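*Asks:* My questions will all concern the structure given below.
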Amino acid sequence: MIQLSAYVRRLAATAFTAACVFGTAAPLMAQDQGPLKIEITQGVIEPLPVAVPDFIVETTQAAEFAKQISDVIAADLVGTGLFREVPDSAYISKVTSFDSPVQYADWKAINVQGLVTGAVSVDAGGNLSVKFRVFDVFNDGQLGSGMQLGGSTNSWRRIAHKVADVVYSRITGEGAYFDSRVVFVSEAGSKQARQKRLAVMDYDGANVQYLTDASAIVLAPRFSPTGDRVLYTSYESGFPQIMMLDVGTVTRRRLPVPTESMSFAPRFSPDGRSVVYSVSTGSNTDLYRMDIASGQVARLTNTPAIETAPSFSPDGSKIVFESDRSGTQQIYIMDAAGGDAKRISFGQGRYGTPVWSPRGDLVAFTKQANGRFHIGVMRTDGSEERLLTASFLDEGPTWSPNGRVIMFTRETQGATGESALYSVDISGRNLRRVPTNSGASDPAWSPLLK
Amino acid sequence: MTQTLSTQSRKNPPRVAAFVLMSALALTACTNPDRFGAGGAGAGAAGANGGIIAGSINDPTSTAYFNQTIGDRVLFLVDQSTLTDSARGQLTQQAQWLLANPGYTAIIEGHADEQGTRDYNLALGSRRAAAVQDFLISQGVNPSRLKPITYGKERPIAVCSDESCYAQNRRAVTVLAAGAGVS
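Chains as they are written, first to last, in our numbering: chain A, 3 to 452; chain B, 21 to 203.
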């Protein structure tokens with residue numbers, strides 16, 4: 003089913019009401035243990051046991067959503083690799099009312115450390131409301147205030163992701179990433195004639211919607227900083243050229259790069275007003291920057307080498323990119339206005355597709371060495387290189403909004419080789435395949451939705 | 021419907037300040053049966069596609085002759101766009117044929133094998149197409165008859181994942197189309 007216009011309409015309809023309406027049931031008690039907190043930077047090996055009992059159904063119409071919402075919350079948390087869900091078959095006490103006191107001893111007995119309770123109601127106007135609390139079981143107390151989130155019933159998954167975002171942030175102290183989307187290339191057909199179309203989905207693979215048909219090759223989409231537009235490369239003119247698609251109206255325009263050149267690898271600046279991209283003219287490929295409103299173009303590199311795969315620093319002041327000016331693909335950083343560039347990759351092998359992390363401290367990249375491909379990260383000065391994956395073909399990292407997870411393309415080899423999306427924590431743990439119902443490549447993560 | 025290269029765009033580039041709706045762009049080079057160099061024999065089916073009067077392979081002015089007897093493609097070493105001696109010999113014959121058959125234009129497709137990242141391979145395909153284009157021009161072919169395009173690693177013709185296939189995929193293919201180009 004193609005639902006080209008549904009995406010933004012639903013977003014527009016999802017005017018969330020969020021309020022901290024419930025007083026803290028009990029202040030956080032000082033106990034022998036510190037408050038419930040995962041220090042991710044210290045490296046979590048043993049996932050924290052949590053329970054997310056089915057949310058209470060408070061109105062008849064809420065029945066079809068309550069369990070699904072608690073299931074999505076649990077799946078979000080477990081999917082991080084930082085949490086382990088204690089199944090409801092192990093529960094000693096049942097949560098039968100949102101406001102009844104938590105029986106801490108019963109949860110401690112089954113070693114639950116984090117408990118999420120909630121209740122769901124749907125009013126006469128079809129508005130879904132979810133209220134929830136997070137408990138630090140071992141400290142007999144509530145973690146933060148209760149909250150209520152509302153929206154249309156169609157947006158129940160987004161509301162669940164938002165609840166999970168709050169739970170994640172309270173326990174880790176970090177920003178979250180569940181209420182986000184991924185734009186990617188959906189693939190079908192044989193390897194010689196792969197059909198490709200743009201698609202967008204929730205970060206966990208749900209709610210896939212197609213943005214283009216399969217009539218022309220499309221490559222490497224990128225979200226704008228607010229998620230309302232997508233840049234990508236399309237062959238619909240017969241030649242590779244950069245398109246900008248408005249996600250809301252699903253209308254697309256060609257970036258006004260001169261048509262006698264081939265342009266690709268576009269990426270938005272952090273303010274969303276300009277695009278940096280590659281143009282191939284003859285044997286040379288250089289980086290350019292275009293102001294979207296005026297169409298004014300500035301050339302950023304001027305070497306006979308290949309310069310491509312640009313990515314802005316979060317503050318917009320620098321651009322990281324790849325160049326083979328040294329003889330092989332390596333990673334460089336230059337000012338956003340162009341000029342001198344400093345090479346930062348010096349390890350063995352070839353380095354490409356650098357992407358600056360949202361926190362600004364790391365660059366993710368694709369590395370090719372000894373016939374294998376890796377996704378890795380390094381600091382922006384090139385130090386502390388860490389390879390997170392290894393396979394026949396891994397490429398094209400994209401960052402989760404909180405800079406904690408990287409999604410990328412993994413392709414298997416041979417005539418039946420297929421592309422799929424994978425994610426991995428920047429610690430190198432928790433490698434997972436992102437579920438898609440067809441081959442998929444070139445993921446780009448949106449910012450956290452508003 | 022004849023296959024002609026879009027040379028209009030060179031004369032009349034769209035205004036830079038305004039976005040151009042894609043639907044208004046002329047589709048060029050999209051329906052040629054030999055796209056992606058899927059095999060010279062494909063020219064035999066060209067008639068069904070409209071555009072190219074393929075003719076017999078025995079007809080030295082036919083695309084079938086060009087594709088199969090002259091040879092429509094040259095191959096490259098890993099991560100290279102330098103023309104080998106054998107490629108130069110091949111392209112010399114292509115140039116002679118193009119000079120003798122001025123009624124054709126050509127799209128030069130540059131391709132890469134799958135051992136590389138997507139963006140880089142697009143740029144590498146451009147280099148390969150440009151190497152062929154430059155050589156043909158050096159042999160006297162009018163530049164307006166030639167248009168390069170890169171497919172990066174998007175259109176392999178051999179799909180195993182070892183060197184026997186990679187070697188076939190690292191290619192530049194001269195795809196003929198009827199039409200004299202701009203003179």
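Glycine residues also receive a C-beta, built at the ideal position from the N, C-alpha and C atoms.
What you are looking at is a predicted structure, and each value in this text was computed from that prediction instead of being measured.
In chain order, what are the residue ranges of uninterrupted beta strand (DSSP E) at least 3 long that sit wholly in the region 196-256 of chain A?
*Replies:* 197-204, 220-225, 231-236, 243-248 and 253-256
*Asks:* Can you pull the chain A residues whose beta carbon is under 9 Å from the beta carbon of E174 (chain B), in chain order?
*Replies:* R196, K198, I219, L221 and Y237
*Asks:* Relative to the C-alpha of E347 (chain A), which residue among A:E386, A:E309 and A:G318 is closest?
*Replies:* In the sequence on display, residue 347 (chain A) carries Ser and not Glu. S347 (chain A) has its Cα closest to that of A:E386, out of A:E386, A:E309 and A:G318.
*Asks:* Let me check understanding here. Comparing Cα to Cα, which of A:E420, A:Q415 and A:G240 lies closest to C185 (chain B)?
*Replies:* A:Q415
*Asks:* Have a look at B:A178, B:T137, B:V152 and B:E183 and flag the residue whose alpha-carbon is nearest the alpha-carbon of E1 (chain A).
*Replies:* Outside the shown range of chain A (3 to 452) lies residue 1 (chain A), about which nothing can therefore be said.
*Asks:* Buried or exposed: which applies to K320 (chain A), given that a residue is buried once 16 or more other Cβ atoms fall within 10 Å of its Cβ?
*Replies:* K320 (chain A) sits buried, since 16 or more C-beta atoms from the chains shown fall within 10 Å of its C-beta.
*Asks:* Suppose contacts are defined by Cβ-Cβ distances below 7 Å. Is G398 (chain A) in contact with S421 (chain A) by that definition?
*Replies:* no
*Asks:* Spatial neighbours of Q105 (chain A) within its chain, please: CB distance less than 8 Å, with the 5 preceding and 5 following residues excluded, ordered by chain position.
*Replies:* Within the same chain, Q105 (chain A) has close Cβ partners I94 and S95.
*Asks:* Just to confirm the assignment, what range does the alpha helix (DSSP H) spanning N141 (chain B) have?
*Replies:* R138 to S158
*Asks:* Along the beta strand (DSSP E) that carries K110 (chain A), what are the first and last residues, could you check?
*Replies:* Careful: K110 (chain A) lies outside any beta strand (DSSP E), inside the alpha helix (DSSP H) at Y106 to A111.
*Asks:* Between A:T251, A:V252, A:R269 and A:M246, which has its C-alpha nearest G258 (chain A)'s C-alpha?
*Replies:* It should be pointed out that residue 258 (chain A) corresponds to Pro in this sequence rather than to Gly. Closest by alpha carbon: A:M246.
*Asks:* Please classify Q331 (chain A): does DSSP put it in a helix, a strand, or coil?
*Replies:* coil
*Asks:* I need the DSSP call for A107 (chain B), collapsed to helix, strand or coil.
*Replies:* helix
*Asks:* Rounded to whole angstroms, what is the Cα-Cα separation between L82 (chain A) and F96 (chain B)?
*Replies:* Just to set this straight, residue 82 (chain A) is Thr in the shown sequence, not Leu. Cα to Cα, T82 (chain A) sits roughly 44 Å from F96 (chain B).
*Asks:* Using 8 Å as the threshold, is the region 106-126 of chain B in touch with the region 186-198 of chain B, meaning 3 or more CB pairs across them?
*Replies:* yes
*Asks:* Tell me which same chain residues have a C-beta within less than 6 Å of the C-beta of Q332 (chain A), skipping the five on either side of it?
*Replies:* R345, S347 and Y353
*Asks:* Near W117 (chain B), what residues of its chain come up, given a Cβ to Cβ distance below 6 Å and the 5 sequence neighbours on each side ignored?
*Replies:* Cβ contact annotation for W117 (chain B) (same chain, cutoff 6 Å, sequence separation greater than five): F86 and I90, in chain order.
*Asks:* State whether the region 374-392 of chain A contacts the region 144-158 of chain B, with contact taken as three or more CB pairs (one from each stretch) at a distance under 8 Å.
*Replies:* no
*Asks:* If you measure between the beta carbons of G378 (chain A) and L364 (chain A), is that distance less than 7 Å?
*Replies:* Between G378 (chain A) and L364 (chain A), the C-beta spacing is not below 7 Å.
*Asks:* Once the 5 residues before and after S282 (chain A) are set aside, which same chain residues still bring their CB inside 6 Å of it?
*Replies:* M264
*Asks:* Starting from the C-beta of V136 (chain A), find all residues in its chain whose C-beta is less than 8 Å away, skip the five residues before and the five after it, and write them out in chain order.
*Replies:* G116, L117, V118, Q144, L145, G146, V168, V169, R172 and I173
*Asks:* Any beta carbon of chain B sitting closer than 7 Å to that of E176 (chain A)?
*Replies:* no
*Asks:* Comparing the C-beta of I308 (chain A) with each C-beta of chain B, is any distance below 7 Å?
*Replies:* yes
*Asks:* With DSSP as the reference, label I47 (chain A) as helix, strand or coil.
*Replies:* Assignment of I47 (chain A) by DSSP, reduced to helix, strand and coil, places it in the coil class.
*Asks:* Give the secondary structure of N286 (chain A) by DSSP, where H, G and I count as helix, E and B as strand, and everything else as coil.
*Replies:* strand
*Asks:* Output needed in chain order: residues of the region 92-117 of chain A with a Cβ under 7 Å from some Cβ in chain B.
*Replies:* So the list is empty, because no residue satisfies the distance condition.
*Asks:* By how many angstroms is the C-alpha of S181 (chain B) removed from the C-alpha of F410 (chain A)?
*Replies:* Using only the alpha carbons, I get a separation of about 20 Å.
*Asks:* So, is the C-beta of M453 (chain A) closer than 7 Å to a C-beta in chain B?
*Replies:* Because chain A in this structure spans residues 3 to 452, residue 453 (chain A) falls outside the shown range and cannot be described.
*Asks:* Could you name the residues of the region 138-149 of chain B whose beta carbon sits closer than 9 Å to any beta carbon of chain A, in the order they occur along the chain?
*Replies:* R138, D139, Y140, L142, A143, L144, G145, S146, R147, R148 and A149
*Asks:* Where V407 (chain A) and P437 (chain A) are concerned, what is the direct C-alpha to C-alpha distance, given to the nearest angstrom?
*Replies:* If I take the Cα positions, the gap works out to 16 Å.
*Asks:* Thinking C-alpha only, which one of A:G351, A:D396 and A:A201 is nearest L221 (chain A)?
*Replies:* Among A:G351, A:D396 and A:A201, the Cα nearest to that of L221 (chain A) belongs to A:A201.
*Asks:* Just the C-alpha distance for N129 (chain A) and Q63 (chain A), rounded to the nearest angstrom, thanks.
*Replies:* About 10 Å.
*Asks:* If you check the beta carbons only, do E66 (chain A) and A121 (chain A) fall under 7 Å apart?
*Replies:* no
*Asks:* Could you give the C-beta distance for L50 (chain A) and L84 (chain A), rounded to a whole number, given that I count them as a contact under 8 Å?
*Replies:* Indeed, because the Cβ distance is near 6 Å, the residues count as touching under 8 Å.
*Asks:* In the DSSP assignment, find the alpha helix (DSSP H) that holds T174 (chain A) and state where it starts and stops.
*Replies:* T174 (chain A) -> alpha helix (DSSP H) spans W158 to T174.
*Asks:* In or out: Q370 (chain A) buried (at least 16 other Cβ within 10 Å) or exposed?
*Replies:* buried
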